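Below: the structure, in structure tokens.
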């Protein structure tokens, strides 16, 4: 674990949907520059936990403190903080009515008041970094799934976030597209970006993470370095899960 | 079925029919146009998370979609001028337009609401996760996508309204259907009815074709 400043601190987080308790008493600290992977069975609350970090889901109780500010406080302007927290979704969610370029520039121009020309130059650099510069003026319908996800990643990066949240970024991709997307995430990690990644790609989690959280039934059942979790898990639930997913 | 033939009546009185048609098209257009503006407002109420605001929108829609448009026309025509005296000094058509606009708005608001809800939730999530304000998210991300399903439905609403304006003839408003009343004074009963039906049919067929073209155009960019 890198021993730098705490970027996100989660305190006593609870979240339910109706009678279903999805998250129970989660406490976590995510540090500057750290890469944290969250693994676990479907329905264990991994995505809900991730989505609480930028308040896509409003916690029932508890706090999410991002860069020293409790963003669960209703008086906080959440939009300002979300601009510093990039998020990448399983289903890409690129904007189909905008060109690839516009997908990236619309939010910086609207919300950061970045001059259009500057936003486009920065977008072009980002597109080059993921090999999509030739698609700049296309609409997303012309892109493959892998290309859409790379677009979604650079769209988030255009806001210059301090942390990136990935919600199963490769789960909706055809197998041959997965590597392209993972390569982009890997490059981000190598560049020092703080990342929280919900994933089913165990090999990838093992390779890039500083820390792995194993979630089951709404709690973090076990956490540790990738080596500890994947090679020497202690919790029977972790062992049971890994025996099913590791081939 | 005595008297002159349909063709003879049409040739003799075609200016009357044309004027009536023009009146009908205008009345329907103004009603749907203003109904769309009001309907957009009402749809914002029904999309609101505030339960009270939401209920107000829903009650409005329930009332104006749940009662016959003819009854609404009569209430606005006879009753509203008593409540709002200034309406007495305005042309009578104002109360007719008011009734049609309000009726239309209740249908249009549901069209708009449906169009907005049909946009994938992931679009809103992506925009909001980038830090876009809810207003910008609605104006720049959701509405531009919703409009594709909204516009053809508005076209259909216009077609419906063209037919429904015929009810205004019962209030002696001089639209297409009222030509029948005028000509019945000349003992022409059945011919105008067939001519009027034919005109309505032609107009709705042309507009329906127009809407289907529009639908195709709008779906191209998907």
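Chains as they are written, first to last, in my numbering: chain P, 1 to 247; chain W, 248 to 469.
We treat Cβ as the ideally placed atom computed from N, Cα and C, and that holds for glycine.
What you are looking at is a predicted structure, and each value in this text was computed from that prediction instead of being measured.
Requested in this report: Using a Cβ cut-off of 8 Å (strictly closer), state whether residue 370 (chain W) contacts chain P.
Outcome: yes
Requested in this report: Please list the residues of the stretch 344-369 of chain W that have a C-beta atom closer than 7 Å to any C-beta atom in chain P, keeping them in chain order.
Outcome: Those would be 369, in chain order.
Query - Whether residue 100 (chain P) touches residue 132 (chain P) by CB criterion (8 Å) - result: yes
Query raised in the report: With 8 Å set as the bound, which would you pick, yes or no: does the beta-carbon of residue 383 (chain W) sit closer than that to a beta-carbon of chain P?
Result: Output row for residue 383 (chain W): interface = yes.
Query - Which of helix, strand or coil DSSP assigns to residue 210 (chain P) - result: coil
Query raised in the report: If you run the structure through DSSP and keep just helix, strand and coil, what is residue 14 (chain P)?
Result: strand
Report task. Quick one: grab the DSSP three-state call for residue 23 (chain P). Result -> strand
Query raised in the report: Based on the DSSP secondary-structure assignment, which residues constitute the bridge partners of residue 87 (chain P)?
Result: Beta-bridge pairing links residue 87 (chain P) to P:165.
Requested in this report: Compute the Euclidean distance between the alpha carbons of residue 226 (chain P) and residue 198 (chain P), then round it to the nearest angstrom.
Outcome: Here the alpha carbons of residue 198 (chain P) and residue 226 (chain P) stand approximately 14 Å from one another.
Query - In chain order, each alpha helix (DSSP H) run of at least 4 residues that lies wholly inside the stretch 437-468 of chain W - result: 437-467
Query raised in the report: For residue 201 (chain P), does the three-state DSSP call read helix, strand or coil?
Result: coil
Report task. Taking residue 105 (chain P) as the reference, give the member of P:92, P:123 and P:165 with the closest Cα. Result -> Each of P:92, P:123 and P:165 was checked against the Cα of residue 105 (chain P), and the nearest Cα belongs to P:123.
Query - C-alpha gap between residue 402 (chain W) and residue 455 (chain W), whole angstroms - result: 8 Å
Report task. Would you identify the three-state DSSP class for residue 339 (chain W), choosing helix, strand or coil? Result -> coil
Requested in this report: Would you tell me roughly how many angstroms separate the C-alpha atoms of residue 129 (chain P) and residue 346 (chain W), rounded to the nearest one?
Outcome: 59 Å
Report task. Identify the continuous beta strand (DSSP E) that holds residue 222 (chain P) and give its terminal residues. Result -> Annotation: the continuous beta strand (DSSP E) that includes residue 222 (chain P) extends over 219-224.
Query - Residues of the stretch 102-125 of chain P with Cβ closer than 7 Å to any Cβ of chain W, in chain order - result: 106, 107, 110 and 111
Requested in this report: Ignore the nearest five residues each way along the sequence and tell me which others in residue 42 (chain P)'s own chain have a CB closer than 6 Å to its CB.
Outcome: none
Query raised in the report: Does residue 377 (chain W) get closer than 8 Å to chain P when you measure Cβ to Cβ?
Result: yes
Query raised in the report: Can you give the Cα-Cα distance for residue 72 (chain P) and residue 7 (chain P), rounded to whole angstroms?
Result: 15 Å
**Report entry** Test: residue 433 (chain W) CB closer than 8 Å to a CB of chain P
**Finding:** No, because no Cβ of chain P sits closer than 8 Å to the Cβ of residue 433 (chain W).
Query raised in the report: In chain order, what residues of the same chain have a beta carbon less than 8 Å from the beta carbon of residue 202 (chain P), not counting five sequence neighbours either side?
Result: Taken in chain order, the residues that qualify are 39, 230, 242, 245 and 246.
Query raised in the report: With 16 other CB atoms within 10 Å as the buried threshold, where does residue 234 (chain P) fall?
Result: exposed
Query raised in the report: What are the boundary residues of the alpha helix (DSSP H) that residue 63 (chain P) is part of?
Result: Looking at the DSSP string, residue 63 (chain P) is not in any alpha helix (DSSP H); the run it does join, the beta strand (DSSP E), is 61-66.
Query raised in the report: If you run the structure through DSSP and keep just helix, strand and coil, what is residue 29 (chain P)?
Result: strand
**Report entry** DSSP three-state assignment for residue 9 (chain P), whether helix, strand or coil
**Finding:** strand
Requested in this report: List the residues of chain P whose Cβ lies closer than 7 Å to the Cβ of residue 293 (chain W), in chain order.
Outcome: Within chain P, no residue comes near residue 293 (chain W); the closest Cβ sits about 22 Å away, beyond 7 Å.
Query - residue 58 (chain P) (DSSP reduced to helix, strand or coil) - result: coil
Query raised in the report: Secondary structure at residue 412 (chain W), three-state DSSP: helix, strand or coil?
Result: In the structure shown, residue 412 (chain W) sits in a helix (DSSP, three-state: H, G or I).
**Report entry** Nearest candidate by alpha-carbon position, reference residue 293 (chain W), set W:428, W:250 and W:305
**Finding:** W:305
Requested in this report: Would you mind sorting residue 58 (chain P) into buried or exposed? The rule is 16 or more other CB atoms within 10 Å of its CB.
Outcome: exposed
Report task. Would you list, in chain order, the members of the stretch 383-406 of chain W that have their beta-carbon closer than 8 Å to a beta-carbon of chain A? Result -> In the structure shown, chain A does not exist; the protein chains are P and W.
Query raised in the report: The beta strand (DSSP E) spanning residue 37 (chain P) covers which residue range?
Result: Secondary structure note for residue 37 (chain P): its beta strand (DSSP E) is the uninterrupted segment 35-39.
Report task. Return the first residue and the last residue of the alpha helix (DSSP H) that residue 121 (chain P) is part of. Result -> 116-129
Requested in this report: Use the C-beta contact count for residue 216 (chain P): other C-beta atoms within 10 angstroms, 16 or more gives buried, fewer gives exposed.
Outcome: buried
**Report entry** Straight-line gap, residue 27 (chain P) to residue 10 (chain P) (C-alpha atoms, nearest Å)
**Finding:** 5 Å
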